[in-house]
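**Q** Shown below is the structure under consideration.
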Amino acid sequence: MVDFRYHLVSIIAVFLALAVGIVLGAGPLDKPIDQAVKDRAATLAKDKAELRTQNDALSAQRDFDESLIKEAVPAVVGGRLEAVAVNVVAMPGTSGDLLGAARDAIEEAGGTVGGTVSLTSDWTDPTRSTDLDAALTATGQVSGLSGTDATSVAARAAAAVASSVVTTDTTAVGKADPASQAVLRTLRDAAFLRMGGKPWQRASLAVVLVPAPAQVASGSSRSPQQAAVDQATGVADVQVPQQLSKLAAGLVVAGPQHSADPAGAGPAGAVAVVRSGPLRTSVSTVDDLDMTAGRLALALALVAERDDQTGHYGNGAAADAPLPAIPGVTER
890 MVDFRYHLVS IIAVFLALAV GIVLGAGPLD KPIDQAVKDR AATLAKDKAE LRTQNDALSA
950 QRDFDESLIK EAVPAVVGGR LEAVAVNVVA MPGTSGDLLG AARDAIEEAG GTVGGTVSLT
1010 SDWTDPTRST DLDAALTATG QVSGLSGTDA TSVAARAAAA VASSVVTTDT TAVGKADPAS
1070 QAVLRTLRDA AFLRMGGKPW QRASLAVVLV PAPAQVASGS SRSPQQAAVD QATGVADVQV
1130 PQQLSKLAAG LVVAGPQHSA DPAGAGPAGA VAVVRSGPLR TSVSTVDDLD MTAGRLALAL
1190 ALVAERDDQT GHYGNGAAAD APLPAIPGVT ER
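My numbering puts the sequence shown at residues 890 to 1221.
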């Protein structure tokens, strides 16, 4: 009997509490709670409007800065690469827009793009390494490499492309080289690269274009296959600029924003790889080629490289300055 009464009292207490809550919610506390919710909603709406206004202002300022730099580009770089041909090598994953930006930068300075070589994803596909080795052997070209590079497919492939698109021999610059053409065509026919123009008419200056690194969520894991591709890409990001820098009078590695990002959950950007390694002292970099300022930086970096001056430009990690010094205009 005591147990039954105890449970009955408990049940009555619960329902009484619910009844009191309903009465208070619909009565004395209804208006304060409702007003608090309305005030919070109004505050959030105001904050959102202020953020939108700030964002619009920043976007307008960015657009103004972009247009201002764009208008100044011809006056700043016009004619500085007059009668100079530059060959472009694009790493796997480089967008057509970035290739167009590089072409614009060179032409705005009075230069020309003699030819382009776009490396395909097969270039860094570990499952096609044997095929790449066979294609290199088929060219009959002697790499001239020594040590571990002599047996590295990645190094030999990079050396084959480098010797086919650049030279420091002033008597050979701009002239068709049948051997170089044959090498590039062999690699093209094996699906390792695409060509535009006549890159076998070798240039003394070159640009290597790189994409931004893949964005990987923190804590996520890479599959063994993707990890192998990442490793091959990291090797190529070093070997291609390294072999080109040996044979060119000047080289600039350029990428979009984030190409200078250090390694995090995913691999480091290719510009970051150059800036953090031994190539830093011999190869220039630009980390914002997708911006107007980056196009200006690329043109000026090529001018500086022609004069044996190396630097790192943009707004990414380890950049020396936004732009190279402008001959006759600025000093650093």
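Don't be surprised by glycine CBs; every beta carbon is placed ideally from N, CA and C.
All values reported here derive from a predicted model rather than from experimental measurement.
Extract the residue ranges of the beta strand (DSSP E) inside the segment 1076 to 1118, only unbroken runs of 3 or more that lie entirely within it.
**A** You should have 1082 to 1086, 1094 to 1098.
**Q** Which residues in the same chain as SER1018 place their Cβ atom closer than 7 Å to its Cβ, once the five residues preceding and following it in sequence are excluded?
**A** Position 129 of the sequence shown, counted from the first residue, corresponds to residue 1018. For SER1018, where only same-chain residues beyond five positions count, the Cβ hits under 7 Å are VAL1042.
**Q** For the putative contact between THR983 and LEU1098, defined by C-beta atoms under 8 Å, what is the C-beta separation to the nearest angstrom?
**A** Taking the first residue of the sequence shown as position 1, residue 983 is located at position 94. Taking the first residue of the sequence shown as position 1, residue 1098 is located at position 209. That belief holds up - the Cβ atoms of THR983 and LEU1098 are roughly 5 Å apart, short of 8 Å.
**Q** What is the rounded straight-line gap between the Cα of VAL1031 and the Cα of ALA1024?
**A** As a first step, residue 1031 must be located in the sequence shown, where it is residue number 142. As a first step, residue 1024 must be located in the sequence shown, where it is residue number 135. Those two C-alpha atoms are separated by around 13 Å.
**Q** Here's a check: name, in chain order, each residue in its chain whose Cβ is nearer than 8 Å to the Cβ of PRO963, leaving out the five neighbours to either side.
**A** Here residue 963 refers to the residue found at position 74 when the sequence shown is read from its first residue. Contacts found: GLU997.
**Q** Does the count of Cβ pairs from the segment 1084 to 1092 and the segment 974 to 993 closer than 8 Å reach three?
**A** Short answer: they touch.
**Q** Which one or two residues does DSSP pair with ASN944 in a beta bridge?
**A** Taking the first residue of the sequence shown as position 1, residue 944 is located at position 55. Paired residues: none, contrary to the question.
**Q** Helix or strand or just coil, what does DSSP make of THR1056?
**A** Mapped onto the sequence shown, residue 1056 falls at position 167. Correct three-state label for THR1056: coil.
**Q** On the CB-based measure, 16 or more other CB atoms within 10 Å of its CB, does PHE1279 come out buried or exposed?
**A** This structure does not reach residue 1279, given that the chain is present from 890 up to 1221, and the question cannot be answered.
**Q** May I ask you to report which of helix, strand or coil DSSP gives VAL966?
**A** Residue 966 sits at position 77 when you count from the first residue of the sequence shown. Looking at VAL966 - three-state DSSP - the assignment turns out to be helix.
**Q** Do you know offhand how far VAL1054's Cα is from LYS1087's?
**A** Here residue 1054 corresponds to residue number 165 of the sequence shown, with the count starting at 1. Here residue 1087 corresponds to residue number 198 of the sequence shown, with the count starting at 1. Taking the straight line from one Cα to the other gives about 9 Å.
**Q** With a CB to CB cut of under 7 Å and the five nearest residues on each side skipped, what residues in its chain are close to ALA991?
**A** Start at 1 with the first residue of the sequence shown, and residue 991 comes out as number 102. These residues qualify, in order along the chain: VAL977, VAL1096, LEU1098, ALA1143, LEU1178, LEU1187.
**Q** Give the DSSP-derived three-state secondary structure of ALA1232 in the structure shown.
**A** The chain is shown from 890 up to 1221; residue 1232 falls before or after that span and cannot be answered.
**Q** Under 8 Å, with one C-beta from each stretch per pair, do the segment 1192 to 1204 and the segment 1129 to 1141 reach the 3-pair mark?
**A** A contact exists between the segment 1192 to 1204 and the segment 1129 to 1141.
**Q** Which class does LEU1191 belong to by DSSP, given the choice of helix, strand or coil?
**A** For the purposes of this step, residue 1191 is taken as the residue at position 302 of the sequence shown. It is helical.
**Q** Check whether the segment 1117 to 1127 and the segment 1065 to 1076 are in contact - that is, three or more C-beta pairs closer than 8 Å.
**A** Judged by Cβ distances under 8 Å, the segment 1117 to 1127 makes no contact with the segment 1065 to 1076, as fewer than three pairs qualify.
**Q** How long is the line joining the alpha carbons of ASP936 and LEU947, rounded to whole angstroms?
**A** The sequence position of residue 936 within the sequence shown is 47, counting from 1. The sequence position of residue 947 within the sequence shown is 58, counting from 1. For ASP936 and LEU947, the distance between alpha carbons rounds to 16 Å.
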